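Residue numbers (this note's numbering), protein chains in the order written: chain A, 5 to 545; chain B, 5 to 434.
We treat Cβ as the ideally placed atom computed from N, Cα and C, and that holds for glycine.
These numbers come from a predicted model, not from an experiment.
Worksheet: the structure to be examined is printed underneath.
Dropping the structure here:
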């Protein structure tokens with residue numbers, strides 16, 4: 005992936021500035037040492053890995069397999085990587101918290117699975133028991149949870165448990181109970197295996213080819229957020245994924261209904277991606293001094309952005325360009341009053357085109373702006389930081405220690421106060437990367453409302469994206485959105501971010517996987533993950 | 005539909021019994037009553053002139069609320085934060101790990117609470133290994149603020165802090181013992197875990213690279229904590245008698261993790277968590293607990309006179325009288341905890357001592373409001389039955405010395421205690 009030349013140079017020069025307030029962009033868990041992808045390889049692929057399921061994937065898996073929609077979990081939150089994603093394999097580990105939370109769920113499910121109704125609905129042999137029955141039960145539940153048939157050795161361990169339970173005089177459901185506990189605690193449930201088998205002969209020499217069951221697991225979680233269904237596993241065993249050319253078609257069949265509409269699972273996955281990328285959850289609790297920022301308003305702002313994303317991604321099949329530049333948004337009465345637009349005041353959300361000059365696209369969404377504002381002011385730092393990190397994939401380091409007080413200034417406007425950071429060499433080294441972009445969103449206040457005056461002065465929303473080869477300038481938010489939508493760096497970053505989410509790696513690695521940074525629709529970019537060699541192959545670490 | 009089973013769900017053999025007013029249904033210790041530990045960090049530093057005892061022994065504005073329990077408090081002066089400063093020292097304060105910046109990788113050593121919890125688990129385990137409560141421990145649910153948020157950790161990950169006292173109460177006490185469930189068959193549960201271990205070893209045999217092998221190592225290291233959940237010998241019972249401060253929050257934040265991070269609830273959550281912690285410690289559910297109020301560099305609103313709320317960290321930076329109000333409020337919270345623990349200790353067969361008598365509470369800041377960390381505020385609050393010399397002022401060199409001193413008090417294996425060096429604060433020992 006291309007990186008901003010100047011930005012890197014600046015950052016290597018001891019970044020000593022500070023982020024402006026107590027609510028910087030949430031910072032990533034410290035990155036772990038990971039095996040890089042060889043970008044120079046003819047067909048670059050990543051290394052063999054065990055991807056721990058995310059918290060949401062664990063929950064979806066167990067609810068799905070055990071038909072237990074009300075199952076409660078207390079698994080810890082997943083760690084966040086540098087661009088906000090919670091799927092980074094290098095950070096997802098099983099520590100005591102996770103293992104303990106999972107075991108509590110395992111114990112719940114053990115009781116659930118061995119309860120009378122489920123046993124009664126199961127195979128007839130459940131009433132009588134017997135080793136063959138235990139084997140049959142394993143081949144059903146075990147295959148769903150491991151996403152592949154159990155090996156002979158694995159089966160034997162469970163049968164040893166069965167024999168011990170039978171010898172103690174306990175009935176068959178007791179075996180179901182404790183076998184369920186072991187299955188749920190199993191590393192074969194917790195980790196998505198992407199280890200593959202060593203290939204032989206060109207072009208696979210030295211490479212590990214993912215097995216059909218590993219591919220099925222990748223397809224199912226990537227495009228439905230859930231494990232493969234029994235039917236899918238049956239098809240895999242019949243050779244459905246033996247032909248690489250058919251995998252993209254399978255991906256589409258998982259992602260879309262026969263009528264072409266996205267499936268519920270795919271829709272949920274895409275929204276998980278966007279929620280993590282945009283940190284949408286923060287709207288619920290970001291602190292604001294203004295009492296009008298009520299829970300009702302927060303909810304409305306969040307809903308507006310959800311409907312906006314639904315419109316662009318699914319109704320319009322839009323691309324990153326559309327995400328950044330669509331003039332349409334969705335407002336209800338609460339938001340019409342909040343923004344002050346002359347639009348229908350409806351209890352329901354209705355599509356509305358923003359008045360010209362008041363902004364377009366994602367960067368004009370009230371929720372996006374409010375999350376990236378301070379309690380009482382806009383924040384060119386945080387807004388610029390999002391563009392740098394999330395839209396350009398540039399590694400801005402966290403604020404250093406030692407200083408976190410704003411330089412003295414009498415400036416009346418937010419822009420004026422932040423401009424001081426660009427005058428101080430100590431601060432400038434980092435803030436020059438953020439403020440000149442964030443200034444482009446100065447026409448929006450701390451809550452995300454459009455404004456023309458700040459501190460008694462007309463808003464100046466001009467700025468520059470420093471550090472790119474072209475150093476594009478803009479005079480307002482709409483021009484900023486247009487500039488970003490045309491930047492090849494932004495397109496490559498977005499593609500890499502989708503790759504990072506789908507493949508469970510960081511953007512640095514996914515940027516090397518020969519993703520196609522075209523202006524394709526967001527949904528097609530997700531499907532396009534199957535076009536990479538990484539989807540099928542790995543190299544040793 | 006499955007009913008939520010909780011921490012105590014694993015301890016299916018516990019018998020419900022009223023907690024307040026007895027009779028106790030706990031196993032009292034025939035010998036020495038075990039100690040309890042509370043870590044009570046006070047983030048963003050203190051206003052020195054209003055915190056430390058005056059030359060004539062009087063307590064100034066911040067510490068004045070400690071007067072009724074003065075004989076149980078030792079101020080520990082002169083501590084520097086070893087290997088760190090500024091707010092990122094939150095990761096150093098109880099681990100002793102050097103942290104040089106916000107971007108510093110996470111420590112790979114346990115914090116003091118986890119070391120003590122492991123020591124207890126290996127000798128006289130409690131139903132809950134350790135309890136970690138918070139009040140707005142981050143700006144919003146799920147936030148991950150490197151260097152400002154994670155204070156307590158195992159060797160491989162930050163400890164999860166429970167921010168919602170209502171769900172924490174429900175998990176810990178609400179359901180009471182599971183109804184009519186047979187005792188778990190310990191041997192079967194152990195067999196199930198043995199399968200997990202064997203499968204991890206299978207994976208390790210597949211020639212993984214070093215980064216993937218580290219994951220399996222961490223997973224294997226986590227299994228003893230699962231093993232410790234098997235309810236072999238429950239020793240205490242804790243009932244579900246409502247806690248008023250928790251119930252007062254139920255309508256506003258019950259079941260809603262995001263709401264627990266709304267600043268409007270911050271003061272009430274602090275009190276509720278203190279009451280919840282006191283219940284868990286007193287009834288023997290756990291003997292290690294931590295409370296994290298706000299995050300370092302955070303702006304949780306502290307209530308002061310006149311109905312005002314002062315943002316914690318921004319107010320610290322003027323280090324003036326307003327910050328004394330903030331700090332005094334938090335000292336009052338400490339006093340609240342002490343009061344809650346001053347109840348008969350069910351683990352004492354003689355019935356002569358209180359829970360507080362067998363508790364050590366550690367108050368520590370990560371840095372000073374100036375961001376220096378050359379004299380952090382620190383106190384040890386404890387009971388008469390702890391081997392500590394309390395009631396005065398002692399001097400120490402660093403947070404490591406304080407932690408090493410306390411590690412010895414808790415009988416931590418020297419191999420583990422050496423994480424904090426070998427120097428102790430002799431004045432603090434009885």
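Quick one: is residue i buried, meaning 16 or more other Cβ sit within 10 Å of its Cβ, or exposed?
| i | result |
| --- | --- |
| residue 531(A) | buried |
| residue 108(A) | buried |
| residue 319(A) | exposed |
| residue 175(B) | buried |
| residue 496(A) | buried |
| residue 62(B) | exposed |
| residue 34(B) | Here the model assigns residue 34(B) a pLDDT of 45, short of 50, so the residue's position is not dependable, and the following value carries that caveat. Counting Cβ neighbours within 10 Å, residue 34(B) comes out exposed, since fewer than 16 surround it. |
| residue 470(A) | buried |
| residue 525(A) | buried |
| residue 237(B) | Confidence in residue 237(B) is poor, its pLDDT being 39 and thus under 50, which makes the residue's placement unreliable; the coordinate value appears in the next sentence. Counting Cβ neighbours within 10 Å, residue 237(B) comes out exposed, since fewer than 16 surround it. |
| residue 512(A) | buried |
| residue 419(B) | exposed |
| residue 169(A) | buried |
| residue 132(A) | exposed |
| residue 386(A) | buried |
| residue 356(A) | buried |
| residue 184(A) | buried |
Per DSSP, residue i is paired with what?
| i | result |
| --- | --- |
| residue 197(A) | 54(A) |
| residue 365(B) | 42(B) and 385(B) |
| residue 468(A) | 477(A) |
| residue 231(B) | Beta-bridge pairing links residue 231(B) to no other residue. |
| residue 294(B) | 43(B) and 136(B) |
| residue 98(B) | DSSP output for residue 98(B) lists no bridge partner at all. |
Can residue i and residue j be called in contact, C-beta distance under 7 Å?
| i | j | result |
| --- | --- | --- |
| residue 93(B) | residue 282(B) | no |
| residue 78(B) | residue 387(B) | no |
| residue 420(A) | residue 481(A) | no |
| residue 200(B) | residue 189(A) | yes |
| residue 404(B) | residue 49(B) | no |
| residue 72(A) | residue 116(A) | yes |
| residue 383(A) | residue 377(A) | yes |
| residue 119(B) | residue 416(B) | yes |
| residue 232(B) | residue 129(B) | yes |
| residue 402(A) | residue 107(B) | yes |
| residue 83(A) | residue 151(A) | no |
| residue 54(B) | residue 64(B) | yes |
| residue 51(A) | residue 146(B) | no |
| residue 113(A) | residue 179(A) | no |
| residue 331(A) | residue 364(A) | yes |
| residue 489(A) | residue 328(A) | yes |
Can you round the beta-carbon distance between residue i and residue j to whole angstroms, since I take them to be within the 8 Å contact cut?
| i | j | result |
| --- | --- | --- |
| residue 55(A) | residue 196(A) | 4 Å |
| residue 408(B) | residue 421(B) | 6 Å |
| residue 160(B) | residue 208(B) | With a Cβ gap of about 16 Å, residue 160(B) and residue 208(B) do not count as contacting. |
| residue 276(A) | residue 60(A) | 6 Å |
| residue 243(B) | residue 177(B) | 7 Å |
| residue 47(B) | residue 117(B) | That pair is no contact at about 16 Å. |
| residue 304(A) | residue 338(A) | 4 Å |
| residue 346(B) | residue 357(B) | Incorrect: roughly 10 Å between the Cβ atoms, too far for contact. |
Exercise. Should the stretch 249 to 258 of chain B be called in touch with the stretch 150 to 161 of chain B, which here means at least 3 C-beta pairs below 8 Å?
Worked result: Three or more Cβ pairs closer than 8 Å define a contact, and the stretch 249 to 258 of chain B falls short of that threshold against the stretch 150 to 161 of chain B.
For this session: Could you tell me whether the stretch 82 to 102 of chain B touches the stretch 363 to 370 of chain B, using the rule of 3 or more Cβ pairs below 8 Å?
Result: yes
Problem set entry | the stretch 324 to 331 of chain B / the stretch 195 to 205 of chain B touching (three or more Cβ pairs under 8 Å) | no
Exercise. Are the stretch 308 to 316 of chain B and the stretch 154 to 173 of chain B touching, with three or more C-beta to C-beta distances below 8 Å?
Worked result: no
For this session: State whether the stretch 286 to 298 of chain B contacts the stretch 133 to 145 of chain B, with contact taken as three or more CB pairs (one from each stretch) at a distance under 8 Å.
Result: yes
Exercise. Do the stretch 237 to 252 of chain A and the stretch 211 to 218 of chain A touch if we need at least three Cβ pairs shorter than 8 Å?
Worked result: yes
Problem set entry | Members of the stretch 78 to 96 of chain A that neighbour chain C once the beta carbon cut-off is set at 8 Å | No chain C is part of this structure, whose protein chains are labelled A and B.
Exercise. Is there contact here, the stretch 355 to 373 of chain A with the stretch 472 to 487 of chain A, by at least three beta-carbon pairs under 8 Å?
Worked result: yes
Problem set entry | Cβ pair count under 8 Å reaching 3, the stretch 287 to 305 of chain A against the stretch 450 to 460 of chain A | yes
Exercise. Is the stretch 385 to 392 of chain A close to the stretch 501 to 515 of chain A, with three or more CB pairs under 8 Å?
Worked result: no
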